[in-house]
Amino acid sequence: MGYKDVYQSWQNDPEAFWMQAAEAIDWDKKPSKALFERGNDLFEWYADGMVNTCWNAVDRHVVAGNGDRVALIYDSPITGTQSKTTYAQLQSQTAALAGALRAKGIDKGDRVIIYMPMVPEAIVAMLACARIGAIHSVVFGGFAAHELAVRIDDARPKAILAASCGIEPGRVIPYKPLIDGAIDQSRHKPEFTVILQREHGLADLRDGVDFDWHAFQNGATPAECLPVEGTHPAYILYTSGTTGAPKGVVRPTGGHLVALNWTMKNVYNVNPGEVFWAASDVGWVVGHSYICYGPLIHGNTSVVFEGKPVGTPDAGTFWRVIAEHGVKSFFTAPTAFRAVKRDDPKGVFLKQHDISGLRAIYLAGERADPDTIEWMQNLTGKPVYDHWWQTETGYTIAGNPVGIEALPVKIGSPTVAMPGYDVHILDEGGHEVPPGTLGAIAIKLPLPPGTLPTLWNAEDRFRKSYLSHFPGYYETGDAGMKDADGYLWIMARTDDVINVAGHRLSTGGMEEVLAAHPDVAECAVIGVADDLKGQLPMGFVCLTKGVNRPHDEITRECIKLVRDQIGPVAAFKLCAVVDRLPKTRSGKILRRTMVQIADGEAYKMPATIDDPAILDEIRGTLQTLGYAKERQPS
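Structure below.
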């Protein structure tokens with residue numbers, strides 16, 4: 001069956017499609033049906049089934065005779081260490097930690113915050129919670145105390161599992177003072193913390209409250225896997241909300257297992273036993289879905305990477321890891337490859353490594369500009385597949401289903417909707433727009449298995465954020481269009497569609513043009529307030545390493561490119577060269593914050609920002625261009 005046949009089979013009988021997909025999972029009690037309608041546009045999947053995530057991700061592979069298969073490869077160029085963990089070892093480690101947690105009073109439904117860097121113990125912590133039905137909430141290691149406190153108050157965890165420190169190039173970040181500060185600030189007080197001591201920065205532990213990771217587990221009876229309902233939350237993952245308050249995305253256990261297992265072959269085209277690498281962090285949804293759960297559920301080997309695309313030690317790190325560990329499918333954010341391209345535009349480092357075993361490269365998390373994709377294709381000779389999804393969905397909305405059929409790539413498009421997703425492009429009134437017309441991207445309800453059924457303790461906010469604008473649809477918050485072949489084109493966040501003298505224009509389209517300039521390594525376009533035209537586009541470009549031409553010459557060329565390719569209607573006259581762009585740690589450019597600075601609005605320092613000092617640099621550039629009143633973050 002080709003893609004169209006598979007998608008049609010889902011459309012014809014969604015119930016049969018998802019019940020068949022569920023056959024690949026070990027159920028303690030098989031569900032009687034797939035979809036349960038709860039009314040008022042709320043839906044659940046596999047609600048009467050009983051299942052355990054850790055069993056499916058770990059134990060069943062051991063029982064099947066694959067205990068010696070490597071489950072995790074830990075590669076840390078930051079610390080200069082590597083290790084491998086087999087499925088049998090992972091089983092004993094998760095059972096031991098789960099047993100110790102249970103002995104300390106952690107039961108089914110209790111929440112546990114995990115605050116760790118990219119180390120194998122972070123995966124063990126997630127799986128140990130799943131083993132006993134505890135609900136984990138991973139918070140990116142190194143998050144500010146205030147942001148951690150907000151999550152503590154919302155999730156109300158009984159315990160925090162953490163490391164003593166995180167390690168960044170050139171610096172060590174002590175975690176314990178941040179945890180202590182968060183607990184001091186929070187109204188809810190966790191009962192205890194368990195700390196993995198790292199030699200680069202040991203933490204001071206308080207008797208009776210803080211426990212050493214290894215000593216905590218000594219003498220504990222290993223825990224068996226506890227079956228939970230298909231609707232039981234596997235985890236809560238906080239995503240930034242437009243109000244500044246984080247939204248706790250809930251991930252239901254049964255649908256999560258079924259959907260992630262389905263994607264490993266159908267989307268990423270890997271077979272059990274092969275090495276899959278998602279270069280992300282467990283603090284993000286990609287880390288949940290494709291470092292921890294997806295590969296392990298499917299029986300793959302997953303790479304846990306503690307490093308950066310450049311600087312640990314150089315722009316060849318990705319290629320070394322792929323070659324050294326035999327990676328078959330590689331998944332990262334476009335911004336990571338833009339960093340590699342900026343440092344090594346001619347691919348000198350790639351020539352030092354044999355990546356012939358790599359089948360394909362997958363991109364998600366930030367719009368993949370055609371120039372970066374073409375550079376990667378030409379450099380590596382590998383297919384590069386953009387695909388589009390969100391924290392809320394947990395896996396691919398639109399992609400190239402290579403394991404079913406490799407569809408022709410249209411550079412700039414993440415290809416087509418996956419089974420389960422009925423994607424529509426709507427105008428403000430909720431009406432379908434013609435092919436090639438920019439509109440709001442919405443998904444007809446119900447969403448497929450594994451996607452969010454609600455927000456943690458915030459059903460009203462869930463409805464307001466996702467369901468109220470277009471009744472009967474999930475509003476993605478992204479803007480784009482479909483072409484005549486059904487390919488999706490994701491152009492910008494809805495907030496990033498700007499209105500210039502009545503013309504709705506995509507900032508993503510302008511970024512595409514700027515990125516094609518030979519001297520531009522990375523760029524961003526925002527809309528700034530203008531008394532005459534409503535909004536004007538403003539471009540920021542980072543240059544490729546080694547470019548020494550005058551900046552005003554380059555910006556003139558950039559302005560001409562946009563005017564030539566998009567037209568005078570864009571009114572693109574503002575452009576500046578900057579050293580770097582403000583980003584989250586997952587690589588998303590903070591365009592909304594840049595707009596707020598430009599327009600002199602109060603803004604909240606984003607919790608996920610990689611380096612707050614960059615905003616001061618951006619403010620200086622904006623002031624040079626005649627924008628950005630002096631306004632400090634709230």
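Residue 634, in UniProt numbering, is where the sequence shown stops; the numbers in between run on with no holes.
In this text, a Cβ means the ideal position worked out from N, Cα and C, and glycines have one as well.
In this text the structure is predicted, and so the values were computed from the model without any measurement.
**Prompt:** Just how far apart, CA to CA, sit Ala145 and Glu428?
**Reply:** For the purposes of this step, residue 145 is taken as the residue at position 145 of the sequence shown. For the purposes of this step, residue 428 is taken as the residue at position 428 of the sequence shown. Distance between the alpha carbons of Ala145 and Glu428 is about 39 Å.
**Request:** Inspect the beta-carbon positions of residue 658 and His298 and report whether they are closer than 8 Å.
**Result:** What the structure shows of the chain is the stretch from 1 to 634, and residue 658 is not part of that stretch, so it cannot be assessed.
**Message:** If the criterion is Cβ atoms closer than 8 Å, does the pair Gly534 and Ala501 meet it?
**Reply:** The residue labelled residue 534 in the question sits at position 534 within the sequence shown. The residue labelled residue 501 in the question sits at position 501 within the sequence shown. Yes.
**Asked** Quick one, which of Val569, Asp579, Glu601, Glu374 has its alpha-carbon nearest Thr621's?
**Response** To locate residue 621, count along the sequence shown from 1; it is residue 621. Distance from the Cα of Thr621 is smallest, within the candidate group Val569, Asp579, Glu601, Glu374, for Asp579.
**Prompt:** Met510 to Ala163, Cα distance in whole Å?
**Reply:** Taking the first residue of the sequence shown as position 1, residue 510 is located at position 510. Taking the first residue of the sequence shown as position 1, residue 163 is located at position 163. Cα to Cα, Met510 sits roughly 42 Å from Ala163.
**Prompt:** If you compare alpha carbons, which of Ile291, Ala336, His288, Trp388 is closest to Gly311?
**Reply:** By 1-based counting over the sequence shown, the position of residue 311 is 311. When each option's Cα is compared against that of Gly311, the closest is Ala336.
**Item:** Contact belief for Thr85 with Leu72 at Cβ below 8 Å, rounded distance in angstroms
**Value:** To locate residue 85, count along the sequence shown from 1; it is residue 85. To locate residue 72, count along the sequence shown from 1; it is residue 72. Indeed, because the Cβ distance is near 4 Å, the residues count as touching under 8 Å.
**Prompt:** Under the rule that 16 or more other beta-carbon atoms within 10 Å means buried, what is Gln352, buried or exposed?
**Reply:** The residue labelled residue 352 in the question sits at position 352 within the sequence shown. Gln352 should be labelled exposed.
**Request:** Rank Ile322, His200, Glu374, Ala360 by C-alpha distance to the C-alpha of Lys341 and give the top, closest one.
**Result:** Taking the first residue of the sequence shown as position 1, residue 341 is located at position 341. Comparing alpha-carbon positions, the option among Ile322, His200, Glu374, Ala360 lying closest to Lys341 turns out to be Glu374.
**Request:** On a CA-only basis, which of Ala339, Asp599, Ala155, Ala100 is nearest Leu625? Give me that one, please.
**Result:** Along the sequence shown, one-based indexing puts residue 625 at 625. Out of Ala339, Asp599, Ala155, Ala100, Asp599 has the C-alpha closest to the C-alpha of Leu625.
**Prompt:** With respect to the beta strand (DSSP E) encompassing Glu475, which residues constitute its N-terminal and C-terminal limits?
**Reply:** Taking the first residue of the sequence shown as position 1, residue 475 is located at position 475. Taken as a continuous stretch (DSSP letters only), the beta strand (DSSP E) holding Glu475 covers 473-482.
**Segments of 3+ residues assigned as beta strand (DSSP E) that fall wholly inside the UniProt domain "Acetyl-coenzyme A synthetase N-terminal" (3-57)** = Qualifying beta strand (DSSP E) stretches, in chain order: 35-39, 42-45.
**Message:** Here's a check: name, in chain order, each residue in its chain whose Cβ is nearer than 8 Å to the Cβ of His288, leaving out the five neighbours to either side.
**Reply:** As a first step, residue 288 is located in the sequence shown; it is residue number 288 there, counting from the start. Closer than 8 Å at Cβ, skipping near neighbours: Met126, Val138, Tyr235, Leu237, Arg251, Val282, Gly394.
**Prompt:** CB Val497 to CB Cys523, shorter than 8 Å?
**Reply:** Position 497 of the sequence shown, counted from the first residue, corresponds to residue 497. Position 523 of the sequence shown, counted from the first residue, corresponds to residue 523. Taking 8 Å as the Cβ cut-off, Val497 and Cys523 do not qualify as a contacting pair.
**Request:** Pull up the distance between the alpha-carbon of Val51 and that of Pro31, whole angstroms please.
**Result:** By 1-based counting over the sequence shown, the position of residue 51 is 51. By 1-based counting over the sequence shown, the position of residue 31 is 31. Roughly 10 Å separates the two Cα atoms.
**Request:** Tell me, to the nearest whole angstrom, how far the beta carbon of Pro414 is from that of Trp456; I am working on the premise that it is less than 8 Å.
**Result:** Taking the first residue of the sequence shown as 1, we reach residue 414 at position 414. Taking the first residue of the sequence shown as 1, we reach residue 456 at position 456. Between Trp456 and Pro414 the Cβ distance is about 28 Å, and since that is not below 8 Å, they are no contact.
**Item:** Backbone CA spacing between Ala440 and Arg591 [nearest angstrom]
**Value:** Working through the sequence shown from its first residue, we reach residue 440 at position 440. Working through the sequence shown from its first residue, we reach residue 591 at position 591. Roughly 18 Å between the two C-alpha positions.
**Asked** How about Leu574 and Leu532: are their beta carbons less than 8 Å apart?
**Response** Counting from one through the sequence shown, the residue named residue 574 turns up at place 574. Counting from one through the sequence shown, the residue named residue 532 turns up at place 532. Contact: no.
**Request:** Assuming Asp519 contacts Leu543 (C-beta within less than 8 Å), just tell me the rounded distance between them.
**Result:** By one-based count along the sequence shown, residue 519 stands at place 519. By one-based count along the sequence shown, residue 543 stands at place 543. Yes, they are in contact, since the Cβ atoms of Asp519 and Leu543 sit about 5 Å apart, within 8 Å.
**Request:** Starting from the C-beta of Leu452, find all residues in its chain whose C-beta is less than 6 Å away, skip the five residues before and the five after it, and write them out in chain order.
**Result:** In the sequence shown, counting from the first residue as 1, residue 452 sits at position 452. Closer than 6 Å at the Cβ level, and outside the excluded window around Leu452, lie Val249, Val250, Glu392.
**Item:** Given 8 Å, three or more beta-carbon pairs between the region 354-365 and the region 325-334
**Value:** Yes: at least three Cβ pairs fall under 8 Å.
**Request:** Name the residue from Ile554, Gln596, Gly412, Leu581 whose alpha carbon lies nearest to the alpha carbon of Glu512.
**Result:** Along the sequence shown, one-based indexing puts residue 512 at 512. The residue with the shortest Cα to Cα distance from Glu512 is Gly412.
**Prompt:** Skipping 5 residues on each side, what residues in its chain have a beta carbon closer than 8 Å to that of Thr79?
**Reply:** On the sequence shown, position 79 is the one that residue 79 refers to. Excluding sequence positions up to five before and after Thr79, its CB lies within less than 8 Å of the CB of Ile167, His200, Glu306, all in the same chain and listed in chain order.
**Asked** Of the residues Glu224, Lys247, Trp489, Gly65, which one's Cα is nearest the Cα of Ala458?
**Response** Residue mapping note: residue 458 aligns to position 458 of the sequence shown, counting from 1. Each of Glu224, Lys247, Trp489, Gly65 was checked against the Cα of Ala458, and the nearest Cα belongs to Lys247.
**Prompt:** Going by the CB atoms, is the gap between Leu35 and Pro14 shorter than 8 Å?
**Reply:** Position 14 of the sequence shown, counting from 1, holds the residue named residue 14. Position 35 of the sequence shown, counting from 1, holds the residue named residue 35. Against a cut-off of 8 Å, the Cβ pair of Leu35 and Pro14 comes out as a contact.
**Prompt:** When the Cα of Ile135 is compared with those of Lys108, Ala149, Gly141, Tyr115, which residue comes out closest?
**Reply:** As a working mapping, residue 135 is identified with position 135 in the sequence shown. If we check each option's Cα against that of Ile135, Lys108 comes out closest.
**Asked** Would a C-beta distance cut-off of 8 Å place residue 636 and Tyr74 closer than the cut-off?
**Response** Since the first residue shown for the chain is 1 and the last is 634, residue 636 is missing from the structure and cannot be characterised.
**Asked** What are the start and end residues of the alpha helix (DSSP H) that includes Thr253?
**Response** Residue numbering aside, residue 253 sits at position 253 when the sequence shown is read from its first letter. Membership of Thr253 in the alpha helix (DSSP H) is indicated by the continuous run 253-266.
**Message:** For Thr239 and Leu379, what's the separation of their Cα atoms in angstroms?
**Reply:** Within the sequence shown, the letter at position 239 stands for residue 239. Within the sequence shown, the letter at position 379 stands for residue 379. Between Thr239 and Leu379, the C-alpha separation is close to 34 Å.
**Prompt:** Taking C-beta to C-beta, are Ile152 and Ala182 nearer than 8 Å?
**Reply:** Residue mapping note: residue 152 aligns to position 152 of the sequence shown, counting from 1. Residue mapping note: residue 182 aligns to position 182 of the sequence shown, counting from 1. Cβ distance < 8 Å, so Ile152 and Ala182 count as in contact.
**Message:** Could you tell me which whole beta strand (DSSP E) segments of length 3 or greater appear in the region 507-575?
**Reply:** Scanning the region 507-575 for uninterrupted beta strand (DSSP E) segments of 3 residues or longer gives 520-530, 534-543, listed from N- to C-terminal end.
**Request:** Just the C-alpha distance for Ile618 and Val595, rounded to the nearest angstrom, thanks.
**Result:** Start at 1 with the first residue of the sequence shown, and residue 618 comes out as number 618. Start at 1 with the first residue of the sequence shown, and residue 595 comes out as number 595. Using only the alpha carbons, I get a separation of about 11 Å.
**Request:** Could you spell out the range, first to last residue, of the beta strand (DSSP E) harbouring Met491?
**Result:** Taking the sequence shown and counting its residues from 1, one reaches residue 491 at position 491. DSSP places Met491 inside the beta strand (DSSP E), whose first and last residues are 488-493.
**Asked** With burial defined as no fewer than 16 other Cβ atoms inside 10 Å of the residue's Cβ, what is the status of Thr253: buried or exposed?
**Response** Sequence index remark: in the sequence shown, residue 253 carries index 253 (1-based). Buried, by the Cβ-count rule.
**Message:** Report the CB separation of Ile425 from Val416 in whole angstroms; it is logged as a contact under 8 Å.
**Reply:** Sequence index remark: in the sequence shown, residue 425 carries index 425 (1-based). Sequence index remark: in the sequence shown, residue 416 carries index 416 (1-based). Their Cβ separation, rounded to whole angstroms, is 14 Å, which puts Ile425 and Val416 out of contact at 8 Å.
**Rounded C-alpha distance that separates Asp180 from Pro190** = Taking the first residue of the sequence shown as position 1, residue 180 is located at position 180. Taking the first residue of the sequence shown as position 1, residue 190 is located at position 190. So the two alpha carbons sit approximately 11 Å from each other.
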